[in-house]
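Participant: Please find one structure pasted underneath; my questions will follow.
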Amino acid sequence: MENRYAVHPRDVRHYGTEELRENYLVESLMVEGSLRLCYSHEDRMIMGGAVPTSEALKLEAGEMLKTGYFLERREIGIINVGAPGYVLVDGYKYTLDAKDCLYIGLGHQEVTFHSNDPAQPARFYLVSTLAHRSCPTRKVAIAEAAPTHLGSIEQSNERTIYKYIHADGIESCQLMLGMTLLEPNNMWNTMPAHLHDRRSELYFYFDMPQDGLVFHFMGEPAETRHLVVRNEQAVISPAWSIHSGVGTSSYTFIWAMGGENYTFVDMDSVPMADLK
436 MENRYAVHPR
446 DVRHYGTEEL
456 RENYLVESLM
466 VEGSLRLCYS
476 HEDRMIMGGA
486 VPTSEALKLE
496 AGEMLKTGYF
506 LERREIGIIN
516 VGAPGYVLVD
526 GYKYTLDAKD
536 CLYIGLGHQE
546 VTFHSNDPAQ
556 PARFYLVSTL
566 AHRSCPTRKV
576 AIAEAAPTHL
586 GSIEQSNERT
596 IYKYIHADGI
606 ESCQLMLGMT
616 LLEPNNMWNT
626 MPAHLHDRRS
636 ELYFYFDMPQ
646 DGLVFHFMGE
656 PAETRHLVVR
666 NEQAVISPAW
676 SIHSGVGTSS
686 YTFIWAMGGE
696 NYTFVDMDSV
706 PMADLK
């Protein structure tokens with residue numbers, strides 16, 4: 436499990452490209468035959484990627500968590516961004532097609548990831564937050580999720596938001612998770628920008644062409660920076676940072692939040708005039 440420490444915003448003002456990438460960009464989550472995890476000290480969130488091929492991949496606590504099993508003090512949300520597969524949770528099978536979501540609550544001891552066809556593996560993106568109570572394990576297929584249509588072609592941000600894990604969807608202790616799909620010929624997300632100083636966020640970008648890029652904007656509103664992000668890479672967004680982006684083509688991203696408040700609309704808008 437990779438370890439990423441939290442950083443004060445005044446220190447980030449002096450970072451160059453490599454320091455920004457080392458602290459906030461996670462480049463290699465999806466590796467065939469492997470389960471990779473990254474622990475962020477921003478609200479103790481963990482992100483990961485599991486790409487099972489010929490053998491199942493088991494979710495384990497490892498030395499980093501110092502617990503008997505991964506979900507002893509945690510909950511987790513999973514979205515499949517690849518071919519069909521399934522997750523076994525204490526022996527119970529949950530089948531996930533592309534863009535389906537599974538939430539697993541506190542206390543489940545054995546979680547394994549499987550592909551239906553090892554030659555065309557599932558690609559499970561996962562996010563875990565701390566939890567102090569157990570909520571029911573539940574799957575929601577993308578066809579069952581209620582879409583919210585936002586943006587306009589004039590602003591290049593026509594998009595559909597699917598909220599999976601939130602107060603009016605899959606119940607959780609503190610994890611909130613969803614997915615945003617940009618329509619063809621639309622490239623901007625989360626602009627005008629906002630902050631939510633009471634919780635951190637993770638972004639995972641995918642459905643990008645091989646030579647596609649997203650310029651992810653971060654930093655304090657008056658001290659913005661950017662990260663160049665490629666397909667199936669993720670960004671850690673601390674509570675003090677904006678989180679917006681523009682791509683060379685349309686793309687999809689999964690957002691996940693953990694922290695103080697359990698309200699999707701808990702955000703502080705940043706006027707366009709304040710961005711620098």
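If you read the sequence shown in our numbering, its first letter stands for residue 436, the second for the next number, and so on. Glycine included, each C-beta is placed from N, C-alpha and C at the ideal position.
#1: Need the endpoints of the beta strand (DSSP E) that residue 656 sits in, please.
#2: Could you pull the start and end residues of the beta strand (DSSP E) that residue 692 belongs to?
#3: With distances taken between CB atoms, is the gap from residue 513 to residue 559 smaller than 8 angstroms?
#4: Which residues bound the alpha helix (DSSP H) around residue 454?
#5: Compute the Euclidean distance between the alpha carbons of residue 568 and residue 667, then round it to the nearest angstrom.
#6: Is there contact between the stretch 486-499 and the stretch 528-547, where contact requires at least three CB pairs shorter than 8 angstroms?
#7: Which first and last residues belong to the alpha helix (DSSP H) in which residue 445 is found?
#8: What is the residue span of the beta strand (DSSP E) that residue 526 lies within?
#9: Do residue 505 and the ligand MG come close, with the Cβ less than 7 angstroms from some heavy atom?
#10: Rounded to the nearest angstrom, what separates residue 722 and residue 625 at their Cα positions?
#11: Pull up the DSSP beta-bridge partners for residue 710, would you.
#12: Taking only three categories from DSSP, how would you classify residue 462?
#13: Taking Cβ positions, are residue 436 and residue 464 nearer each other than 8 angstroms?
Facilitator: Taking the coordinates as given:
#1: Taking the sequence shown and counting its residues from 1, one reaches residue 656 at position 221. Run containing residue 656: none; DSSP gives neither H nor E here.
#2: If you number the sequence shown from 1, residue 692 lands on position 257. Unbroken beta strand (DSSP E) run through residue 692: 687-694.
#3: Along the sequence shown, one-based indexing puts residue 513 at 78. Along the sequence shown, one-based indexing puts residue 559 at 124. Their beta carbons are under 8 angstroms apart, which means residue 513 touches residue 559 by this criterion.
#4: Here residue 454 corresponds to residue number 19 of the sequence shown, with the count starting at 1. Looking at the DSSP string, the run of the alpha helix (DSSP H) that includes residue 454 is 452-459.
#5: One-based indexing of the sequence shown puts residue 568 at position 133. One-based indexing of the sequence shown puts residue 667 at position 232. The alpha-carbon atoms of residue 568 and residue 667 are separated by roughly 31 angstroms.
#6: yes
#7: Locating residue 445 in the sequence shown gives position 10, counting from the first residue. Run containing residue 445: 444-447, per the alpha helix (DSSP H) assignment.
#8: Indexing the sequence shown from 1 puts residue 526 at position 91. That residue, residue 526, is in no beta strand (DSSP E); it is neither H nor E in DSSP.
#9: With respect to small molecules bound, the structure shown includes none, and the ligand MG cannot be examined in it.
#10: Lying before the first or after the last residue shown, residue 722 is absent from the chain, which here runs from 436 to 711.
#11: As a first step, residue 710 must be located in the sequence shown, where it is residue number 275. Bridge partners of residue 710: none, in fact.
#12: Here the question's residue 462 lines up with position 27 in the sequence shown. It is coil, neither helix nor strand.
#13: For the purposes of this step, residue 436 is taken as residue 1 along the sequence shown, with counting starting at 1. For the purposes of this step, residue 464 is taken as residue 29 along the sequence shown, with counting starting at 1. No, the pair does not count as a contact, with Cβ atoms beyond the cut-off.
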